[in-house]
Every structure is written in C-alpha cells, then in structure tokens.
C-alpha cells in the first residue's frame, strides 16, 4: 500500500534561464558572462569590451587566457561572434533570454570637446533651452557605456557643467540646474577651477535650495555634489554656515531617507560642517543639530544599518560628545550605552575607535560617571575593551581603552556579573 503523501509527483520542467546552457564561446573568459560587445585582441582571443579594457587599464600587458605578451593593445570588434550571440538570444527568447543590443560606436574626445565648446558659448549668452539640449546629449552619451563616461570626464566636462551651474544659479532655470547637478554626481574630480565655480556663494545656496525642495532626485544630487565639494575644498564650510535652513534640510534628509547613498552623503556633509568650522560656529551648529534631535535620530539609526553608515553616525556622535549638551542628550536616551557597546567590535576599525572615544567621554563626565561606568560594566564593555587591546589599535584608542578599564576597576564591587578574575588580568597586564 502506498500512501498518497508518499507518491512521487511528476516534475514539470519550466522554461527557465537556469535550464539553458550558454555556449562556452559566447562567454567572456574574464567574467564568464554572456558577451554584450565582443572584441578580439592580437592573440585571437575574444573578450567582452568592458572587461578587457579594465584589464588593460590595470597595466596588464599579457593576454588573460594565453598569457602571451600583447604586441599591441588594439581592440577589434568581433562582429561575427556578436551576430551569433544575437541569433542565439532570439532562438531562446522563450527561456527569458533578451537579445543583446548592437553596441554603439564609442565617442571620441573631439566629439565631446565640440559639445563643451558649444555649451560654454550658449551658457554665456544665457540660452537655457540650447544648454538643456547640449546637457541632454552628454547624458545620453554617458548612458551608453562606461567608456563614454570616462571620455567625458577626461575631456573636462565637469568644469564646463560647474561653470554653467554657477552662471544659471542666480536664475530660475531649475530644470537645467537639476540636469547639471545630476551629471556632476559622477564627474568628480573636476579640477580646482571647477571646484571654485561650485563653492561660490551663489552655487552653494542654489544647492541648499534644492535640498529643501520636494524633488527627491534633485535633493539627492545636491547633497552628493556638496559632499564631493567638501572632500576637495573644506573651506566652503565658511559659506555653508551662513545658509539659512541648511541644518534643517540635512536633518530631514537623515530623518526621512531617500536611499542609502543619500543618507551617507548627508551624514558626511554634517560631519564636515561640525568638524572643520571654527570653534564658535562649530558650537552653534552642534547646538542646532542637538536641539533638532539628531543625537537620538543617529542612535536609533545605528541599531540596524550598513557599516559605512555606522562609521559616519558614530563619528558624528563622537563630536557631539565634546559638548555638554550633546553628552546630555546621549545620557537621556535609554539605549545609548547599549548601542555604543555593541559597536565596539565586529564592525570596522574606525567604528571601534569612535565607540571607545564616545564611551570614554560619557564615562569621564563628572555628573554621570557612576551610572555610566556601571552600565558599561553590565553590558560587557570591560571584556570587549580587553579584546581590542589584545588585537591591537591606535595609540589614542589604546590610551582611552586602558583608562576606561582602570576606571571600571574602581566600580567592580558594584557589579554582580564579575568574579574578579578579569580585573586581576587587568592589573597584571596594564
């Protein structure tokens, strides 16, 4: 007798890409993916254009498959294999295979230079409509391939876009300005001359205006460009401190995230502003952010986010804890010590350094020293600090960790979760 639940079910094969074997000569030897733009080297081996160009750009002078020295670096399109791949895709469309499109001819520098020249002339004449057309041409070319993007960057289009942005930033040509910002997000570095155009008061105020607008794409592009500017020229913080509502805009971009890259860019801009401004302005900005609730917001964000965001959040909290009001807000949040203690190990080296620095500042504060140290002990901070010291860390972090351990040793009798053996280890080692 065979019970129904033990009967073998008939397996129905589905038309799925997983059941389809791609011919080996259609695969790029480097990526092992279906080639979209097959090209051939002087050794007779075909590769996907993007992969072999990266190989050559990495200063490799041999064929990846044969390991033979390349007599030249000429890359010849293999139209025969591309046509075979396209025919194969069409034959297997029922398996979900999409036809590989015919690649466009890569642009050359003369084509890009011509567009740049025309764009500069039209911008100086204030011809917004023509400028939008030319900017649109650049964006279309950039979407075609990474090679085109590289050519565009090398031809100095970033400087031209920055110049146009400054020229039109005082006007109301928002659509053109948004297009320029969108393009500049991937054009850095744009050279010192281009940076000087974007760090002008009119350009930065225009970006700040977009950051508090309703267009999510414009807000994202504006904060990404501002982040890049602060990386290359920290002096622009002197202009940013005078921009009204900038603090609130940055706070809102962290509170209501658009995407991870925007959150990272916003945190980076906040860190730059509170790090590189003068002490008086630094305190003013910290007060604004603290009063808005950024301390609590960052702490809650640290509970579950990616490593790079954790690093930036902890770096900001570390600066906030240099100020009494920042420390007070941290004390008032019930999960502060638990969250920071959890980030001491198993994140990144930078996160470890910032976490120990924050704990050191919170535990060394006179008014809350007892409670903070005892809570840290109960959370297992002592053992984690020992691990950090054993693994190795920077001198400043080592000094703070050692000082924290000695401070905790004074409160060991108030904590029931220790038998004293770990403290004997401390006395022996440090």
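Residue numbers (my numbering): 236 to 665.
We put the beta carbon where it would ideally sit given N, CA and C, even for glycine.
Taking the alpha carbon of residue i as the point to measure from, which residue in the options has its own alpha carbon closest?
i: residue 618; options: 641, 597 and 606; result: 641
i: residue 510; options: 555, 527 and 387; result: 555
i: residue 449; options: 547, 488 and 539; result: 488
i: residue 405; options: 444, 527 and 507; result: 444
i: residue 591; options: 549, 322 and 537; result: 549
i: residue 425; options: 408, 460 and 402; result: 460
i: residue 629; options: 420, 522 and 585; result: 585
i: residue 197; options: 520, 647, 452 and 384; result: Absent from the structure is residue 197, since the part of the chain shown begins at 236 and ends at 665.
i: residue 336; options: 365, 537 and 325; result: 325
i: residue 383; options: 486, 400 and 343; result: 343
i: residue 568; options: 597, 282 and 439; result: 597
i: residue 306; options: 620, 276 and 330; result: 276
i: residue 309; options: 323, 322 and 292; result: 292
i: residue 466; options: 580, 508 and 634; result: 508
i: residue 328; options: 599, 300, 257 and 375; result: 257
In three-state DSSP terms, what is residue i?
i: residue 583; result: coil
i: residue 645; result: coil
i: residue 281; result: strand
i: residue 459; result: helix
i: residue 525; result: helix
i: residue 273; result: strand
i: residue 420; result: coil
i: residue 255; result: coil
i: residue 311; result: strand
i: residue 662; result: Because the pLDDT of residue 662 is 44, which lies under 50, any placement of that residue in the model is unreliable, and the number read from its coordinates should be weighed accordingly. If DSSP states are grouped into helix, strand and coil, residue 662 belongs with the helices.
i: residue 262; result: strand
i: residue 492; result: coil
i: residue 497; result: helix
i: residue 348; result: helix
i: residue 301; result: coil
i: residue 578; result: coil
i: residue 193; result: Residue 193 cannot be examined here, being either before or after the span of the chain that is shown, 236 to 665.
i: residue 334; result: coil
i: residue 471; result: helix
i: residue 293; result: coil
i: residue 306; result: coil
i: residue 617; result: helix
i: residue 599; result: coil
i: residue 396; result: helix
i: residue 339; result: coil
i: residue 538; result: coil
Should residue i and residue j be called a contact, given that it needs their Cβ atoms to be closer than 7 angstroms?
i: residue 474; j: residue 436; result: yes
i: residue 447; j: residue 484; result: yes
i: residue 546; j: residue 583; result: yes
i: residue 395; j: residue 441; result: no
i: residue 636; j: residue 616; result: no
i: residue 312; j: residue 274; result: yes
i: residue 500; j: residue 462; result: yes
i: residue 414; j: residue 370; result: yes
i: residue 593; j: residue 552; result: yes
i: residue 295; j: residue 266; result: no
i: residue 525; j: residue 561; result: yes
i: residue 298; j: residue 278; result: yes
i: residue 643; j: residue 610; result: no
i: residue 434; j: residue 386; result: no
i: residue 565; j: residue 614; result: no
i: residue 403; j: residue 320; result: no
i: residue 420; j: residue 456; result: yes
i: residue 339; j: residue 379; result: yes
i: residue 411; j: residue 479; result: no
i: residue 391; j: residue 422; result: no
i: residue 536; j: residue 486; result: no
Please classify residue i: is it buried, with 16 or more other beta-carbons within 10 angstroms of its beta-carbon, or exposed?
i: residue 626; result: exposed
i: residue 357; result: buried
i: residue 539; result: exposed
i: residue 427; result: exposed
i: residue 506; result: buried
i: residue 317; result: buried
i: residue 272; result: buried
i: residue 255; result: exposed
i: residue 587; result: buried
i: residue 315; result: exposed
i: residue 408; result: buried
i: residue 632; result: buried
i: residue 401; result: buried
i: residue 589; result: buried
i: residue 454; result: buried
i: residue 284; result: buried
i: residue 529; result: buried
i: residue 503; result: buried
Which runs of the alpha helix (DSSP H), 4 residues or longer, sit entirely within the stretch 428–455? 436–446
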